[in-house]
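Chains as they are written, first to last, in numbering that gives the first Met the number 0: chain A, 0 to 282; chain B, 0 to 138; chain C, 0 to 86. This report concerns only the one structure given below.
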Amino acid sequence: MRHVFSVRIGPASFRVGSDWRAPVDQLRALYAGYPAPEGGIADYTVRLSATRPWRRFVRPSVAIAGDYMLPDAAPLPLAHGLLAAEMAMNLQLALGERRFLLLHAATVERDGRAIVLTGESGAGKSTLAALLSARGWRLMGDEFALLDPETGLLHAFPRLVSLKNAAIDVVRAALPDARFGPLMAGTPKGDIRHLVPGEAALAAMDQLARPVRLVFPRYGFTPDARPVGAGEAFVRLTQASTNYVALGEQGFDALTRFVRAVPAIAIDYPDAASAIAAIEAEA
Amino acid sequence: MGEMSDETDHDGEPREARTTRRRALMLGAAGAAAVVSIRPALAQTAGSVLTCEIPVPDPGRAGGYIDANGNVVPAGTKNAFAPPLRPLKGEDVRRAMATGGNLPGMDYERSRAYLKYVGRLQRGTTGFTCFASLQMLRK
Amino acid sequence: MAATRYRAPAQGGLRIAALDDLVAIYHRASGITHLAVAPVPELMEAMAGEWRTLDALADAFGLAADERGALIERLEELVATGLVEAA
Numbered sequence: 000m001r002h003v004f005s006v007r008i009g010p011a012s013f014r015v016g017s018d019w020r021a022p023v024d025q026l027r028a029l030y031a032g033y034p035a036p037e038g039g040i041a042d043y044t045v046r047l048s049a050t051r052p053w054r055r056f057v058r059p060s061v062a063i064a065g066d067y068m069l070p071d072a073a074p075l076p077l078a079h080g081l082l083a084a085e086m087a088m089n090l091q092l093a094l095g096e097r098r099f100l101l102l103h104a105a106t107v108e109r110d111g112r113a114i115v116l117t118g119e120s121g122a123g124k125s126t127l128a129a130l131l132s133a134r135g136w137r138l139m140g141d142e143f144a145l146l147d148p149e150t151g152l153l154h155a156f157p158r159l160v161s162l163k164n165a166a167i168d169v170v171r172a173a174l175p176d177a178r179f180g181p182l183m184a185g186t187p188k189g190d191i192r193h194l195v196p197g198e199a200a201l202a203a204m205d206q207l208a209r210p211v212r213l214v215f216p217r218y219g220f221t222p223d224a225r226p227v228g229a230g231e232a233f234v235r236l237t238q239a240s241t242n243y244v245a246l247g248e249q250g251f252d253a254l255t256r257f258v259r260a261v262p263a264i265a266i267d268y269p270d271a272a273s274a275i276a277a278i279e280a281e282a
Numbered sequence: 000m001g002e003m004s005d006e007t008d009h010d011g012e013p014r015e016a017r018t019t020r021r022r023a024l025m026l027g028a029a030g031a032a033a034v035v036s037i038r039p040a041l042a043q044t045a046g047s048v049l050t051c052e053i054p055v056p057d058p059g060r061a062g063g064y065i066d067a068n069g070n071v072v073p074a075g076t077k078n079a080f081a082p083p084l085r086p087l088k089g090e091d092v093r094r095a096m097a098t099g100g101n102l103p104g105m106d107y108e109r110s111r112a113y114l115k116y117v118g119r120l121q122r123g124t125t126g127f128t129c130f131a132s133l134q135m136l137r138k
Numbered sequence: 000m001a002a003t004r005y006r007a008p009a010q011g012g013l014r015i016a017a018l019d020d021l022v023a024i025y026h027r028a029s030g031i032t033h034l035a036v037a038p039v040p041e042l043m044e045a046m047a048g049e050w051r052t053l054d055a056l057a058d059a060f061g062l063a064a065d066e067r068g069a070l071i072e073r074l075e076e077l078v079a080t081g082l083v084e085a086a
């Protein structure tokens with residue numbers, strides 16, 4: 000039996016098919032209020048299927064599939080089916096997107112101007128973006144910044160914000176009225192809970208923004224801030240992009256233009272409050 | 000360095016400009032790299048990439064020999080190497096390029112010639128995709 | 000034995016963007032991006048679309064005999080990255 004959920008998030012739409020009902024129900028509940036794919040046709044397809052026919056029922060195990068695949072992806076237990084779906088959606092975009100240069104980054108916007116927070120897993124991008132959204136910043140996304148090579152502008156892609164371990168309670172305290180997904184404990188990435196982007200983020204989903212600051216946050220260090228040159232920013236962003244190579248010359252143009260136009264700063268911070276203060280000082 | 004009193008200028012170019020260029024060329028001499036190739040990250044491609052292969056030379060130039068600079072030259076060309084019997088394995092190329100060692104079962108000169116051929120593959124030539132993927136993993 | 004000659008892509012074979020003290024170079028034929036420091040673009044320009052011997056390049060940059068070692072190193076490096084051909 001196939002369960003299906005379709006949704007548009009910014010310029011990308013997804014159709015998720017599942018052997019089980021639970022992940023689809025969870026997606027439908029959390030993305031309530033988001034539009035359907037334009038014209039009913041989704042850009043990306045995701046399949047959540049049982050690794051073997053009997054694994055639909057016995058120790059149910061979710062294997063991720065779609066148009067774009069990476070081999071050797073380990074399946075997840077059904078209890079983490081929502082995580083599997085979100086990871087699969089990320090993968091489709093990461094491998095398949097060609098309209099925009101993708102940067103692993105969180106983006107927040109105010110007055111049409113966007114701050115891009117980029118860094119490796121654990122740098123705190125999602126957490127900082129969630130906390131900034133409690134302070135009047137519009138959340139454009141926490142996982143991928145979508146840079147339009149033609150215009151140099153950013154498109155919003157507000158997916159469920161993935162919070163890990165200690166960050167979950169920090170964000171719940173800062174956003175007491177926000178909606179959260181289920182707690183998924185003991186995933187390969189630790190405890191995970193998703194934050195649903197608020198009304199403001201959803202309402203402004205199709206509004207573009209001009210990038211004005213690039214920030215490289217680093218968690219767990221004494222406070223420090225230093226400017227980052229265009230050359231260094233360029234190299235670091237090629238490491239933070241999943242489709243720079245695939246975009247070829249267009250990617251080169253988009254990224255060189257970006258680093259020349261957008262001043263970059265590296266911010267080391269010991270706690271969220273310190274980071275927020277440093278980031279807002281850049282605004 | 001910098002003494003140019005006995006040299007004449009070429010094309011009337013000012014002496015200072017040439018001195019500056021000489022100095023600039025000396026920057027990063029002695030072992031420092033002046034060029035770095037971007038090796039973008041792509042999560043978890045390890046499995047598929049390492050099983051890819053690179054034919055040497057590409058099928059369109061099958062039978063050609065490989066000279067010391069990695070160019071494909073007519074079979075039998077003096078000082079050039081006969082191509083390997085089997086395509087090079089992605090993993091072997093990656094390891095050789097990363098460690099500076101030889102390709103398995105080959106001496107230094109032959110291995111170097113083949114690796115230079117690989118390093119010069121261009122988009123559209125068989126084996127380029129495999130090579131480009133290796134670039135992503137070398138770091 | 001003929002001297003080694005070097006050649007960089009002709010005009011239009013590269014896209015170049017200066018970024019503070021580094022230069023980003025997009026090599027069209029391979030689709031690979033390289034990052035280089037200042038002397039490299041000038042060096043490549045001296046070989047753009049033309050085969051040049053080591054002597055010719057050393058002359059173009061007014062190098063003395065003991066400075067050719069650095070030039071050779073730069074050239075070998077460029078050949079290794081695929082930006083320059085050697086024959």
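Cβ atoms here follow ideal geometry from the backbone N, Cα and C, with glycine treated the same way.
- Beyond the five residues adjoining it in sequence on each side, residue 207 of chain A comes within less than 7 Å, by CB distance, of 152, 153, 154 in the same chain, given in chain order.
- The residues 15, 16, 34, 35, 36, 37, 39, 40, in chain order, have a CB closer than 8 Å to that of residue 22 of chain C in the same chain once the five nearest residues on each side in sequence are set aside.
- According to the DSSP assignment, residue 37 of chain A belongs to no beta strand (DSSP E), since it is labelled neither H nor E.
- Sequence-distant partners of residue 277 of chain A (beyond 5 residues in either direction) whose C-beta falls short of 8 Å from its own C-beta, in its chain, are 222, 224, 266, 268.
- The DSSP-derived three-state label of residue 57 of chain B is coil.
- Looking at the DSSP output, residue 26 of chain C sits in a beta bridge with C:13, C:31.
- Going by C-alpha positions, residue 31 of chain C is about 7 Å away from residue 37 of chain B.
- The beta carbon of residue 12 of chain A sits closer than 6 Å to those of 36, 41, 42, all from its chain and outside the five residues before and after it, given in chain order.
- With fewer than 16 neighbouring CB atoms inside 10 Å of its own CB, residue 164 of chain A falls in the exposed class.
- Beta-carbon to beta-carbon, residue 169 of chain A and residue 271 of chain A are separated by about 6 Å, close enough to satisfy the 8 Å threshold.
- Neighbours of residue 131 of chain B across chain A, judged by C-beta separation under 8 Å: 244.
- Listed along chain B is no residue with a C-beta nearer than 9 Å to that of residue 40 of chain C; the closest approach is about 10 Å.
- Beyond the five residues adjoining it in sequence on each side, residue 75 of chain A comes within less than 7 Å, by CB distance, of 61, 82, 83 in the same chain, given in chain order.
- A residue is called buried once 16 or more other Cβ atoms fall within 10 Å of its Cβ, and residue 50 of chain C, having fewer, is exposed.
- For residue 49 of chain C, no chain B residue has a C-beta closer than 9 Å to its own C-beta; the minimum C-beta separation is roughly 16 Å.
- As the crow flies, the alpha-carbon of residue 253 of chain A is around 43 Å from that of residue 64 of chain C.
- Under the Cβ criterion of 8 Å, residue 115 of chain A is not counted among the residues facing chain B.
- Annotated as distal: residue 103 of chain A and residue 156 of chain A, with beta-carbon spacing of 8 Å or more.
- Under the three-state reduction of DSSP output, residue 105 of chain B falls in the coil class, being neither helix nor strand.
- In the DSSP annotation of this structure, the continuous segment of the beta strand (DSSP E) that includes residue 106 of chain A starts and ends at 100 to 109.
- Proximity of chain B to residue 234 of chain A at the Cβ level (cut-off 9 Å) is accounted for by 35, 37, in chain order.
- Between the alpha carbons of residue 70 of chain C and residue 57 of chain C lies a gap of roughly 7 Å.
- Under the DSSP assignment, residue 250 of chain A falls in the alpha helix (DSSP H) whose first and last residues are 247 to 260.
- Around the CB of residue 85 of chain A, 16 or more other CB atoms lie within 10 Å, so the residue is classed as buried.
- Put simply, the CB of residue 44 of chain C is far from chain B, with every gap to its CB atoms at 8 Å or more.
- Counting only unbroken stretches of 3 or more residues, the beta strand (DSSP E) elements lying wholly within the region 5 to 60 of chain A are 11 to 17, 43 to 49, in sequence order.
- When beta bridges are read from the DSSP output, residue 114 of chain A appears opposite A:107, A:212.
- Contact between the region 60 to 72 of chain B and the region 102 to 120 of chain B is present: 3 or more CB-CB pairs across the two stretches fall below 8 Å.
- No Cβ of chain C is located within less than 8 Å of the beta carbon of residue 151 of chain A.
- Nearest C-alpha to residue 78 of chain B among B:91, B:33, B:124, B:64: B:64.
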